[in-house]
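Please read the structure below before turning to the comments.
2 protein chains.
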Amino acid sequence: MTRKKRKPAYHHGNLRAALIECSLDLIQEKGIRALTLREIGNRLGVSRSAAYRHFADKAALLAAISEAGFVEFGDALEAAKLGAAADFASRIEAMGIAYVRFANQHRAHFEVMFGEPRQPGSPPSEAGARAFGILEQTIREGQQRGEVRAGDSLLLARTVWALVHGTSTLRLDAERPGFVQFSSEILRTGLQVSPVGIVASETPSPAAA
Amino acid sequence: MTRKKRKPAYHHGNLRAALIECSLDLIQEKGIRALTLREIGNRLGVSRSAAYRHFADKAALLAAISEAGFVEFGDALEAAKLGAAADFASRIEAMGIAYVRFANQHRAHFEVMFGEPRQPGSPPSEAGARAFGILEQTIREGQQRGEVRAGDSLLLARTVWALVHGTSTLRLDAERPGFVQFSSEILRTGLQVSPVGIVASETPSPAAA
DNA sequence: GAAGAATGTTGACGTTGTCAACACTTTCTG
DNA sequence: CAGAAAGTGTTGACAACGTCAACATTCTTC
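Residue numbers (the working numbering), protein chains in the order written: chain Z, 1 to 209; chain E, 210 to 418.
Right, dumping it as C-alpha cells:
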C-alpha cells in the first residue's frame, strides 16, 4: 500500500506536474502555438481531456506554468545576487546576466511568463512580485551603501528592469532585422560605466573587498 | 467606368487594406487571440475565406500587418528626431518617448510586430531594419558631435533600444505584479543623467542652439 | 462581345478547446 | 470490512477555427 510513503500516485502518478513539464518541452520544441492539450495527452499516454481534472482550462495551465516560472526566476536572481560580491556594481551585473541567461535557457518558461496575455480576472503573480522585489531591494541596499544615488528606488528598479528585460526580449527575436543579437556587452554597456545612470559616482570603487 | 480614377474597387473596394485595418481593430478590442478570419469576414461583410485572395494564409496577413507597423513606427521615430533640437540628448529623448508612445497608442500593431514569432522561412523585415537604422544613425551623429562617447555605435544603439523596448513591453503588461506602470520618468532616468552610460560628459551642454 | 484574369462564395475536412456522461481507483466512514 | 464519497481518467460530441477545392461573379483586355 503506497499511501503517502513513496508517491501520491493515483492513476498516473502525479499528473499535474507532468502536464507542466510536458508543456514546457513542447513549447521549447515547437513554439507556444503548437501547445495543444491533445498532444500533451499523447505524450503522457493520457487522454486529451485529462488535464481538466487539474486545471480549469488551457489558460489556467499556462498561468500555472507562468507562476512556476516566476518562482524559478526569482530563485535565479536571488542566487546571482548572493553569489556576487557585496558591492552594488557586482550584484547588479550578476543579476542582469542571470536575467538574460534565464530568458535564454528557459525560453519556454520566459515565453509564457511574459508573452502570454494576462486574463483580466486573474490575480497578479505573487512570484513575479517577489522577483521584482529582489531587484528593488538590491537597489535600496546600494543606496544605503552610498553606491547608488538617492531617489525613488521603485523608479530606479523599473529602469534597470526595463533595460534587462528589453535585452532579453529582443534577444529572443534574434532573427529580426538589425535587432539585438545578444551580447552580454549590452548589459555591460548599460550597467557598467554608469549603470543606467543610477550609480552615484561614475567609477564606483567599493570599500568592501 | 472607374478605371484608376477613383478607386481600384473590384468587388469590395480594396479589401486588402480593409483586412489589415479590421485586424488591427479586432486585436485592439479583444486581443490577438480573438483575431479570426471568420470574424474579420463578418465585420467586413465578406466571406470567411475572402482573405485568401490577398494573403497566402493567416500568418501572411500578420506579416503584412507587422511590416506596415514597422513603416509607421520608423516614420514616428524619424519625425520625433527631426522635431527635436539638434543636440543628442534632445533627440534621443524625443525618440525614446516616441517609441513608448507608439507602443502605447498602437497596441495592436506593436503586439504583432514584436509579439508574433517570426516564420523560419520568412524574410527579415526591411522596415524594421530601417527603424533601427534611424536610431543607430542618431547615435553616430551624436558621436560626430562629440556628445556621445566613441565606440561601437551598433552596440550603443542596441543598448538604447533594449532600454526603450523593455520600457514599452513591460508597460503593456501593466496589470502585472510590481511591474512597470509606465512613467516617462523611466526613460528620463535611463537617458537623462547619463543616457545609458553612453553620453560623453555627465551633463552635456551642446554647443549648438 | 468573348476570353481570361481577378476576386469572392460555398461546402467540406481535419484540428482544436471544452463539456457532459461515464468508468475506474482511492480514501473515508460507519 | 462494506458501502459511500471523493478523486481521477476516458469517451462521445459540439462549435469554432484555418484551410482547400470547386464554383460563381465581376473586371479587364482584345
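All residues carry an ideal CB built from backbone N, CA and C; glycine is no exception.
Could you give the distance in angstroms between the alpha-carbon of residue i and the alpha-carbon of residue j?
i: Val-148/Z; j: Glu-356/E; result: 24 Å
i: Ala-243/E; j: Ile-236/E; result: 7 Å
i: Arg-145/Z; j: His-165/Z; result: 26 Å
i: Ala-288/E; j: Gly-45/Z; result: 57 Å
i: Ile-186/Z; j: Ala-162/Z; result: 13 Å
i: Ala-359/E; j: Arg-349/E; result: 9 Å
i: Ser-90/Z; j: Glu-72/Z; result: 21 Å
i: Ala-84/Z; j: Lys-239/E; result: 44 Å
i: Ile-134/Z; j: Gly-74/Z; result: 8 Å
i: Asn-313/E; j: Glu-230/E; result: 18 Å
i: Lys-267/E; j: Asp-57/Z; result: 25 Å
i: His-11/Z; j: Phe-88/Z; result: 51 Å
i: Ala-327/E; j: Glu-39/Z; result: Here residue 327/E turns out to be Arg, not Ala, going by the sequence shown. Going by the C-alpha atoms only, they are around 23 Å apart.
Considering only the alpha carbon of each residue, which of the options lies closest to residue i?
i: Ala-51/Z; options: Gln-144/Z, Leu-37/Z, Leu-62/Z; result: Leu-37/Z
i: Val-100/Z; options: Gly-41/Z, Ser-168/Z, Lys-81/Z; result: Ser-168/Z
i: Ala-295/E; options: Ile-241/E, Thr-347/E, Gly-222/E; result: Thr-347/E
i: Ala-68/Z; options: Ala-150/Z, Pro-117/Z, Gly-133/Z, Leu-24/Z; result: Leu-24/Z
i: Ile-92/Z; options: His-11/Z, His-12/Z, Gly-13/Z, Gly-142/Z; result: Gly-142/Z
i: Arg-107/Z; options: Pro-123/Z, Lys-58/Z, Ile-65/Z; result: Ile-65/Z
i: Pro-123/Z; options: His-109/Z, Ala-60/Z, Phe-88/Z; result: Ala-60/Z
Take residue i and list the residues in its own chain whose beta-carbon comes closer than 7 Å to its own, dropping the five residues that flank it on each side.
i: Phe-70/Z; result: Met-113, Ser-125, Ala-127, Gly-128, Ala-131
i: His-54/Z; result: Leu-15, Arg-16, Leu-19
i: Glu-136/Z; result: Ser-153, Leu-154, Ala-157
i: Ala-285/E; result: Ala-307, Phe-311
i: Gly-41/Z; result: Ser-47, Arg-48, Ala-50
Considering just the uninterrupted stretch of the alpha helix (DSSP H) at residue i, what are its terminal residues?
i: Met-304/E; result: 297 to 314
i: Gly-142/Z; result: 126 to 144
i: Asn-251/E; result: 246 to 253
i: Asp-234/E; result: 224 to 239
For residue i, which residues from the same chain have a beta carbon less than 6 Å from its beta carbon, with the 5 sequence-adjacent residues on both sides left out?
i: Glu-116/Z; result: Leu-62
i: Ile-241/E; result: Glu-320
i: Met-95/Z; result: Leu-77, Ala-80, Lys-81
i: Arg-43/Z; result: Cys-22
i: His-109/Z; result: Gly-69
Length at least 3, wholly inside the region 255 to 301 of chain E: the beta strand (DSSP E) runs in chain order: none
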